[in-house]
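**Q** Dropping a structure here in structure tokens format, bear with me for questions.
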Amino acid sequence: MKTDKKTILYLMEYPIDLPGGGQESTKTLCEGVKKSGEYEPIVACPALLSTSPKDYDYKVITYPSDENRELSKLRRIANFIRRIRYFKQIIGEVQPDLIHVSMSESLITYGFLRIPGLFKNIPFVYTDRGLRTGYRKHSLICIKSTMKHASRMLTTTKYNAGLWEGEIAAPVTVIPNTISGAFSEYDENGRKKARDVYKIPEGMPVIGFAGRISEEKDWGKAAKVVEEIANAGIRFKVALVMSVYEDRDAEIVKEVKEGIINIIGEDNLIYMQDLTQKEISDYYYLVDFFIMTSCFESFGKAAVEAMSRKCIVLSTAVGGLPEVIGNREDLYEMGDLSKLASRIRFLTDNPDVAGREREMFYNRYRDNYTPDKNIEGHLKVYREILGK
164 MKTDKKTILY LMEYPIDLPG GGQESTKTLC EGVKKSGEYE PIVACPALLS
214 TSPKDYDYKV ITYPSDENRE LSKLRRIANF IRRIRYFKQI IGEVQPDLIH
264 VSMSESLITY GFLRIPGLFK NIPFVYTDRG LRTGYRKHSL ICIKSTMKHA
314 SRMLTTTKYN AGLWEGEIAA PVTVIPNTIS GAFSEYDENG RKKARDVYKI
364 PEGMPVIGFA GRISEEKDWG KAAKVVEEIA NAGIRFKVAL VMSVYEDRDA
414 EIVKEVKEGI INIIGEDNLI YMQDLTQKEI SDYYYLVDFF IMTSCFESFG
464 KAAVEAMSRK CIVLSTAVGG LPEVIGNRED LYEMGDLSKL ASRIRFLTDN
514 PDVAGREREM FYNRYRDNYT PDKNIEGHLK VYREILGK
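Numbering of the sequence shown is given in my numbering, commencing with residue 164 and proceeding in unit increments.
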């Protein structure tokens, strides 16, 4: 399966078409690497959800996986053992020049091959999309043991890089997460068009929440945030986007929706689910204030997506989010939601200040988080490891 170009194999434990920061960033990266012409990207991931391997400009190899493995410990262990076998088979067939492990579970899986000495002549890099402080003890032991053999660790924030430096032998390089090319062009009429579709009255702000379902996103707090804003005397609508993957996710969606509707009424909730990248890029035009309720966040890709559409981003001050947001006034603590509500009230009452805030966030995206910057950062690392 070798090609004339050097090949890079990306190992993943989730389907690349599942909405989520790691998957979307890997997808955008592979598109950029392919377009650069320097290397041939190949993705190994579980069976795709709604697309086909033929839909991608680069090769996608799928393997069977239990999508509901989190329901029991036995299923997790069985799925893990199967993944080790599939990784061994795929790496043996592809014989890549470089392996790029894109997620922590995949790194631990690969470690069970690499630590005993398999594929020791193939260099590998690992992107840590989490935080060093977020791993359980046994996971941390596996990660550190595997990283003894790595050529490089990549982190998405300087904050996380600082947590790892001194604990692993491999050098650490910071390359911020990236978002889909669907966000690259800004439509000056996008906001008006989006508001017209949903018949949003002039002057009524739209509060946005979006993301996949996970414990880290702390979706149970969304209704509390909505209630605090409503108690501040602000009339608004909520635009909510959620991504469903596991069977239990549907019940969580129902709870979140009902919690918000009980506060502002069904007419004031706009709900969307499992959007494509183009659809979600249009969604952000609808939003005035995009709020992140995360209790744990390594980076916060949704925050960057919102910035690219000139949303004002308000976020909990956890993990790497302060570094991404860049403005302390737009950070809040979940234990004191009054600051968040007061900030929205102030910006709603002062449209000129809100306008400058929108431009600040947009420029922050352009200066730091565009796909081009992310792709070039990766290509530089690949060249350093493989040679020019």
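Where is the CB? At the ideal position from N, CA and C, for every residue including glycine.
Assuming Glu460 contacts Ala480 under a Cβ cut-off of 8 Å, what Cβ separation, rounded to an integer in Å, is found between them?
**A** Counting from one through the sequence shown, the residue named residue 460 turns up at place 297. Counting from one through the sequence shown, the residue named residue 480 turns up at place 317. By a beta-carbon distance limit of 8 Å, Glu460 does not contact Ala480. Their separation comes to about 10 Å.
**Q** Just to confirm my understanding: we take Val335, look at its own chain, exclude 5 residues before and 5 after, and list those with CB closer than 7 Å. What are they?
**A** Against the sequence shown, residue 335 aligns to sequence position 172. The residues are Met316, Thr318, Ala324, Trp327 and Glu328.
**Q** Just mark Asp220 as buried or exposed, buried being the case when its beta carbon has 16 or more other beta carbons within 10 Å.
**A** Residue 220 sits at position 57 when you count from the first residue of the sequence shown. Classification of Asp220: exposed, given that the 10 Å Cβ count is below 16.
**Q** Would you please state the rounded distance, in angstroms, between the beta carbons of Val369 and Val450? I believe it to be under 8 Å.
**A** To locate residue 369, count along the sequence shown from 1; it is residue 206. To locate residue 450, count along the sequence shown from 1; it is residue 287. Contact between Val369 and Val450 is confirmed by a C-beta separation of about 5 Å, below the 8 Å threshold.
**Q** Measure the alpha-carbon distance for Met164 versus Glu256 and round it to whole angstroms.
**A** If you number the sequence shown from 1, residue 164 lands on position 1. If you number the sequence shown from 1, residue 256 lands on position 93. Unreliable placement is indicated for Met164, whose pLDDT of 49 sits below 50; no coordinate value is reported for it.
**Q** Would you say the segment 384–393 touches the segment 422–434, given that touching needs at least three Cβ pairs under 8 Å?
**A** yes
**Q** Tell me whether Ser121 sits in a helix, a strand or coil according to DSSP, three-state version.
**A** Here the chain has residues from 164 to 551 only, and residue 121 is not among them.
**Q** Whole angstroms are fine: how far does the CA of Gly366 sit from the CA of Ala469?
**A** In the sequence shown, residue 469 corresponds to position 306, counting from 1. In the sequence shown, residue 366 corresponds to position 203, counting from 1. Their Cα atoms are separated by approximately 20 Å.
**Q** Under 7 Å Cβ to Cβ from Leu438, same chain only, skipping five residues before and after it: list those, please.
**A** The residue labelled residue 438 in the question sits at position 275 within the sequence shown. The answer, listed in chain order, is Val404 and Tyr446.
**Q** Just reading off the alpha helix (DSSP H) that His541 is part of, what are its end residues?
**A** Stepping through the sequence shown from its first residue, residue 541 is reached at position 378. That run of the alpha helix (DSSP H) goes Pro534 to Leu549.
**Q** Thinking just about the alpha-carbon of each residue, which of Tyr289, Asp412, Phe399 and Lys321 is nearest to the one in Leu174?
**A** In the sequence shown, residue 174 corresponds to position 11, counting from 1. Comparing Cα positions, the closest option is Tyr289.
**Q** Please confirm whether Leu484 and Met455 have their CB atoms less than 8 Å apart.
**A** Taking the sequence shown and counting its residues from 1, the one referred to as residue 484 is at position 321. Taking the sequence shown and counting its residues from 1, the one referred to as residue 455 is at position 292. Result yes, Cβ atoms of Leu484 and Met455 sit closer than 8 Å.
**Q** Please work out which residues of its chain come closer than 6 Å, Cβ to Cβ, to Ser406, disregarding the five sequence neighbours upstream and downstream, and give them in chain order.
**A** The residue labelled residue 406 in the question sits at position 243 within the sequence shown. So the list reads Pro182, Arg375 and Asp437, once near-sequence residues are dropped.
**Q** Apart from the five residues just before and just after Ile415, which ones in its own chain have a Cβ nearer than 7 Å to its Cβ?
**A** For the purposes of this step, residue 415 is taken as residue 252 along the sequence shown, with counting starting at 1. Exclusion of the five residues before and after Ile415 leaves Ile376 and Trp382 as the residues of its chain whose Cβ lies within less than 7 Å of its Cβ.
**Q** Buried or exposed for Arg519, please, with buried defined as at least 16 other CB atoms from any protein chain shown within 10 angstroms of its CB.
**A** As a position in the sequence shown, residue 519 is number 356, starting the count at 1. Exposed, by the Cβ-count rule.
**Q** List in chain order: all unbroken beta strand (DSSP E) runs of 3+ residues lying wholly within the segment 222–285.
**A** Correct list: 222–226 and 261–264.
**Q** Put Leu500 into one of helix, strand or coil per three-state DSSP.
**A** Working through the sequence shown from its first residue, we reach residue 500 at position 337. Leu500 sits in coil when the DSSP states are folded into three classes, being neither helix nor strand.
**Q** Note the first and the last residue of the continuous alpha helix (DSSP H) segment covering Gly489.
**A** As a position in the sequence shown, residue 489 is number 326, starting the count at 1. Note, Gly489: premise wrong, no alpha helix (DSSP H); not H, not E.
**Q** In whole angstroms, what is the alpha-carbon distance linking Gly540 and Asn394?
**A** Start at 1 with the first residue of the sequence shown, and residue 540 comes out as number 377. Start at 1 with the first residue of the sequence shown, and residue 394 comes out as number 231. C-alpha separation (whole angstroms): 45 Å.
**Q** Excluding the five sequence neighbours on either side, which residues of its own chain have a C-beta within less than 6 Å of the C-beta of Ile271, listed in chain order?
**A** The residue labelled residue 271 in the question sits at position 108 within the sequence shown. Excluding sequence neighbours, Ile271 sits near Cys305.
**Q** Throw me the rounded Cβ distance for the Ile247 and Leu276 pair, which I believe falls under 8 Å.
**A** For the purposes of this step, residue 247 is taken as residue 84 along the sequence shown, with counting starting at 1. For the purposes of this step, residue 276 is taken as residue 113 along the sequence shown, with counting starting at 1. 7 Å between Cβ atoms; contact.
**Q** Taking DSSP's pairing of strands, which residues face Gln436 in a bridge?
**A** Looking up residue 436 in the sequence shown gives position 273. DSSP output for Gln436 lists Met405 as bridge partner(s).
**Q** Can you give the beta carbon distance from Tyr528 to Pro339, rounded, assuming they're within the 8 Å contact cut?
**A** Taking the sequence shown and counting its residues from 1, the one referred to as residue 528 is at position 365. Taking the sequence shown and counting its residues from 1, the one referred to as residue 339 is at position 176. Not a contact, Cβ separation roughly 10 Å.
**Q** Can you give me the start and stop residues for the beta strand (DSSP E) that Phe453 sits inside?
**A** Residue numbering aside, residue 453 sits at position 290 when the sequence shown is read from its first letter. From DSSP, the beta strand (DSSP E) with Phe453 extends over Phe452 to Met455.
**Q** Would you report the Cα separation of Pro204 and Lys197, rounded to the nearest angstrom?
**A** Residue mapping note: residue 204 aligns to position 41 of the sequence shown, counting from 1. Residue mapping note: residue 197 aligns to position 34 of the sequence shown, counting from 1. Each residue's Cα considered, the two are about 6 Å apart.
**Q** Is the beta carbon of Leu125 sitting closer than 8 Å to the one on Ile171?
**A** Since the first residue shown for the chain is 164 and the last is 551, residue 125 is missing from the structure and cannot be characterised.
**Q** Count the other CB atoms, across all protein chains shown, that sit within 10 Å of the CB of Ala357; report buried if there are 16 or more and exposed otherwise.
**A** Along the sequence shown, read from residue 1 onward, the residue named residue 357 stands at position 194. With 16 or more other Cβ atoms within 10 Å, it is buried.
**Q** Going along the chain, which residues of its own chain have a beta-carbon closer than 7 Å to the beta-carbon of Ser308, five neighbours each way excluded?
**A** One-based indexing of the sequence shown puts residue 308 at position 145. These residues qualify, in order along the chain: Gly274 and Ile278.
**Q** Counting along the chain, where does the beta strand (DSSP E) carrying Tyr173 start and finish?
**A** In the sequence shown, residue 173 corresponds to position 10, counting from 1. Here the beta strand (DSSP E) through Tyr173 covers Lys169 to Leu174.
**Q** If I'm right that Pro286 touches Ser314 with Cβ under 8 Å, what's the distance once you round it to whole angstroms?
**A** For the purposes of this step, residue 286 is taken as the residue at position 123 of the sequence shown. For the purposes of this step, residue 314 is taken as the residue at position 151 of the sequence shown. About 4 Å; that satisfies the 8 Å criterion.
**Q** What number of angstroms, rounded off, separates the C-alpha of Phe509 from the C-alpha of Arg521?
**A** Counted from its first residue, the sequence shown places residue 509 at position 346. Counted from its first residue, the sequence shown places residue 521 at position 358. Whole-angstrom Cα-Cα distance: 14 Å.
**Q** Kindly indicate which three-state DSSP category Gly422 falls into: helix, strand or coil?
**A** Numbered from its first residue, the sequence shown carries residue 422 at position 259. Three-state DSSP puts Gly422 in a helix.
**Q** Grouping DSSP H, G and I as helix and E and B as strand, with all else coil, what is Ser188?
**A** Your numbering for residue 188 matches position 25 in the sequence shown. The answer is helix: DSSP assigns Ser188 an H, G or I state.
**Q** Alpha carbon to alpha carbon, how far is Lys362 from Asp535?
**A** The sequence position of residue 362 within the sequence shown is 199, counting from 1. The sequence position of residue 535 within the sequence shown is 372, counting from 1. Roughly 35 Å separates the two Cα atoms.
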